[in-house]
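There are 2 protein chains.
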Amino acid sequence: MSERNRRWVIGANPLGRALETSDFRRDDQSRPAPGLGEALIKVRCLSMDPALKSYMENISTYARPTNIGDVMPGEAIGEVVASNCPDLVVGARVRGDLGWQDFAVVKHGQVELVHAEISDTAALGVLGTTGKTAYCGLVGVGQPKPGDVLVVSGAAGATGTVVGQIGKIAGCRVIGIAGGAAKCERLIEDLGFDAAIDYKSEKVRSRLRALAPEGIDVMFDNVGGEVLNDCLARLAPGARVVICGAISRYNADPRNPGQMPEGPRNYFNLVHAHARMEGFILHHYAAMHEEAQKRLTRWVGGGQIKESADVVEGFERAPEALLRVFSGANLGKQLVRL
Amino acid sequence: MSERNRRWVIGANPLGRALETSDFRRDDQSRPAPGLGEALIKVRCLSMDPALKSYMENISTYARPTNIGDVMPGEAIGEVVASNCPDLVVGARVRGDLGWQDFAVVKHGQVELVHAEISDTAALGVLGTTGKTAYCGLVGVGQPKPGDVLVVSGAAGATGTVVGQIGKIAGCRVIGIAGGAAKCERLIEDLGFDAAIDYKSEKVRSRLRALAPEGIDVMFDNVGGEVLNDCLARLAPGARVVICGAISRYNADPRNPGQMPEGPRNYFNLVHAHARMEGFILHHYAAMHEEAQKRLTRWVGGGQIKESADVVEGFERAPEALLRVFSGANLGKQLVRL
Chain A
11 MSERNRRWVI
21 GANPLGRALE
31 TSDFRRDDQS
41 RPAPGLGEAL
51 IKVRCLSMDP
61 ALKSYMENIS
71 TYARPTNIGD
81 VMPGEAIGEV
91 VASNCPDLVV
101 GARVRGDLGW
111 QDFAVVKHGQ
121 VELVHAEISD
131 TAALGVLGTT
141 GKTAYCGLVG
151 VGQPKPGDVL
161 VVSGAAGATG
171 TVVGQIGKIA
181 GCRVIGIAGG
191 AAKCERLIED
201 LGFDAAIDYK
211 SEKVRSRLRA
221 LAPEGIDVMF
231 DNVGGEVLND
241 CLARLAPGAR
251 VVICGAISRY
261 NADPRNPGQM
271 PEGPRNYFNL
281 VHAHARMEGF
291 ILHHYAAMHE
301 EAQKRLTRWV
311 GGGQIKESAD
321 VVEGFERAPE
331 ALLRVFSGAN
341 LGKQLVRL
Chain B
11 MSERNRRWVI
21 GANPLGRALE
31 TSDFRRDDQS
41 RPAPGLGEAL
51 IKVRCLSMDP
61 ALKSYMENIS
71 TYARPTNIGD
81 VMPGEAIGEV
91 VASNCPDLVV
101 GARVRGDLGW
111 QDFAVVKHGQ
121 VELVHAEISD
131 TAALGVLGTT
141 GKTAYCGLVG
151 VGQPKPGDVL
161 VVSGAAGATG
171 TVVGQIGKIA
181 GCRVIGIAGG
191 AAKCERLIED
201 LGFDAAIDYK
211 SEKVRSRLRA
221 LAPEGIDVMF
231 DNVGGEVLND
241 CLARLAPGAR
251 VVICGAISRY
261 NADPRNPGQM
271 PEGPRNYFNL
281 VHAHARMEGF
291 ILHHYAAMHE
301 EAQKRLTRWV
311 GGGQIKESAD
321 VVEGFERAPE
331 ALLRVFSGAN
341 LGKQLVRL
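Residue numbers (my numbering), protein chains in the order written: chain A, 11 to 348; chain B, 11 to 348.
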């Protein structure tokens, strides 16, 4: 076991601009030792999520505050390698906010045990927060009915790939919107989407008119901006628009309203379509988490949902891997294997 | 009874610009005669609604088409003065799309009878479409709970005055947003609003912060634009935003997306507040209309809801009266008494 603890720490606050690799700084230390009631975790795999940027920005109302020089926070999977805690035995795998480092010291209650049959990548993706977000957002907020037209933006991303596949199980006709022909092909060929729109080379609005002439019943939005606006122009009566993310907005500074990207001009179509647009945060659907976990586990086991993981190898590449999420380079869940 | 039928006809299509009095043209004719199964209605009072402009624009998906030279459509109250229809007896009062003219010929089924106890102004306002819009939008879509903070934009308008008063009956703390000190004073002194914000002289966002430090539970929006955007910045957890109208958008041309006003930049706060924004059209709440009518009648009778009618006298002034609705000159329901 290495005596060294490699650590990526926050080097700068990226509020109001795009994230850069230089916003992270290496600050390696020696391996920590667990105290009484604590366990030492060897980190194996890091989850790369858009929310990590907001943690660095210190403006979220629900994330804990961070400081320059703090180890970079983030969900991860690790293995107990030393323990003074009876509930965390050596060899057990755990999930939690372990941060971007080789070793983390945790107490019982700060991490959750991961079932042996679940892979590291699934535990951070389709059977982790990502999968629960997809299930609770689509099922809880979007309320899909069989025969509905479901449109997913950011369809080739971590959440989008799962949302589309749950939509197919729910009997929907699923249209994905993604950037690039390769992603679009993958959505249809590998993940069973009915159609895909490449927003980089196609006109989203006219393609939606052709693919969904009777309109969109459920829109699951990870993107915002013009893609959301185009979808709002094509709502079917009674449509539900689930606002999950807005990758197009993460470089804006909400303290400076003039710099914020434009809102969706077509919001007033909510009236014409007597439709609703609803935002959600996963922890408000806590009552649904167990149901989501059970069903996703069954569907993954039965092959109805395929895991999409985009794994970058090597601790050094963590900053670069996070930037992939913002540039849309990833296909499925972006992870870093240490 | 006059032999002449004064008529305002559509003189121009105002799409993509502000309405002007020159968009209307007088085209008087001789008084029409009712045929078999028809009745002659003497029009007494005209309802002035923002939707009338969209009827002239011919782009609505739910309004019947119009042509230049057609008599101006619009809801009105009239009295049967001659009849060849057993269901419409002379002396009866009726409500329907009678248009901007002295006399209309109608068949049974095109109009509805108005109860003798209901005044002309109430039949077109608080006990007509306006009142039903307020009730169904607030109660059906907004779902107010006692103790909720309700914010109403366009609060001194036809719908807004009724929404605020229903909100008080529902146990809400009601904040109106209106243009001008006189309107704001009237909301508080006459209509029982708890507070009012004059968007012309006050900063809406900071006033909302002071008046509703815990946020807005229900927002009833008649306005759109910056007022809606400011309210979205101040949503309480679980908030409902009812989109009823958008007076700030009625001069835009939806066929030209670049010319449309900006959308609400703060829509993403729907996520932070796990809130929903929902549009509605009255006829989708048909199942609620009878309930609305009964309750509004009882509340008006009991003095819990005061009628707010802004009556312009004289047929000649109908175009000018409609322009008042778009400039916000009216206080309560804008009507024209012939």
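All C-beta atoms, glycine included, are put in the ideal place defined by N, C-alpha and C. Note that the structure is a prediction, hence the values are computed from the model and not measured.
Check, Outcome
"The beta strand (DSSP E) enclosing Trp18 (chain A), as first and last residue numbers", "Trp18 to Ile20"
"Residues bridged to Lys343 (chain A) [DSSP beta-bridge criterion]", "A:Ala319"
"Contacts that Ile253 (chain B) makes with chain D (C-beta to C-beta distance below 8 Å)", "Among the protein chains of the structure shown, namely A and B, there is no chain D."
"Beta carbon proximity, Pro271 (chain A) to chain B, threshold 8 Å", "yes"
"Beta-ladder partner(s) of Ala92 (chain B), from DSSP", "B:Leu50"
"Three-state secondary structure assigned by DSSP to Pro329 (chain A)", "helix"
"Proximity test, Cβ basis, 8 Å: Gly338 (chain A) and chain B", "no"
"Secondary structure of Lys117 (chain B), DSSP reduced to three states", "strand"
"Closest Cα partner of Arg41 (chain B) within the set B:Ile51, B:Ala302, B:Gly47 and B:Ile198", "B:Ile51"
"Chain-ordered neighbours of Met287 (chain B) on chain A, where CB pairs are closer than 8 Å", "Tyr277, Leu280, Arg286, Met287 and Glu288"
"Extent of the continuous alpha helix (DSSP H) to which Arg217 (chain A) belongs", "Val214 to Leu221"
"CA nearest to the CA of Ala188 (chain A), picked from A:Val310, A:Tyr145 and A:Gly167", "A:Gly167"
"At least 3 beta-carbon pairs within less than 8 Å: the region 56-63 of chain B vs the region 340-348 of chain B", "yes"
"Within chain A, partners of Gly234 (chain B) - CB distance below 9 Å", "Tyr277 and Phe278"
"Assigned secondary structure, Gln314 (chain B) (DSSP; H/G/I helix, E/B strand, else coil)", "coil"
"DSSP-derived helix/strand/coil call for Ala166 (chain A)", "coil"
"Contact set for Ala43 (chain A): own chain, Cβ-Cβ below 6 Å, skip 5 residues either direction", "none"
"C-beta neighbour in chain A for His294 (chain B), strict 8 Å", "yes"
"Local conformation of Cys241 (chain A) per DSSP, three classes", "helix"
"Integer Cβ distance of Val184 (chain B) from Val149 (chain B), believed to fall under 8 Å", "That belief does not hold up - the Cβ atoms of Val184 (chain B) and Val149 (chain B) are roughly 14 Å apart, past 8 Å."
"Arg250 (chain A) beta carbon less than 8 Å from that of Gly152 (chain A)", "yes"
"Met66 (chain B) - containing beta strand (DSSP E), residue span", "Segment Ala61 to Glu67 is the alpha helix (DSSP H) holding Met66 (chain B); no beta strand (DSSP E) there."
"CB of Arg259 (chain A) within 8 Å of CB of Pro274 (chain A), strictly", "no"
"Chain-ordered chain B contacts of Ile291 (chain A) [CB-CB under 7 Å]", "Val281 and His284"
"From B:Asp38, B:Val121, B:Val321 and B:Glu317, residue whose alpha carbon lies closest to that of Thr140 (chain B)", "B:Glu317"
"Presumed contact (8 Å Cβ cut-off) between Ile87 (chain B) and Leu134 (chain B), rounded CB distance", "6 Å"
"Alpha helix (DSSP H) segments (min. 4 residues) lying fully within the region 252-315 of chain B", "279-282 and 299-311"
"Reduced DSSP category for Leu134 (chain B) - H, G, I as helix; E, B as strand; rest coil", "helix"
"Contiguous alpha helix (DSSP H) assignments of at least 4 residues, all confined to the region 144-199 of chain B", "168-179 and 191-199"
"Reference Arg27 (chain B); option with closest CA among B:Trp110, B:Leu341 and B:Asn266", "B:Asn266"
"Gly311 (chain A) versus His118 (chain A) - alpha carbon distance", "29 Å"
"The region 227-242 of chain B / the region 121-136 of chain B touching (three or more Cβ pairs under 8 Å)", "no"
"Enclosing beta strand (DSSP E) for Arg103 (chain A) [first to last residue]", "Arg103 to Asp107"
"Given Leu25 (chain A) as reference, the closest of A:Met66, A:Asp38, A:Lys304 and A:Gln39 once Cα atoms are compared", "A:Met66"
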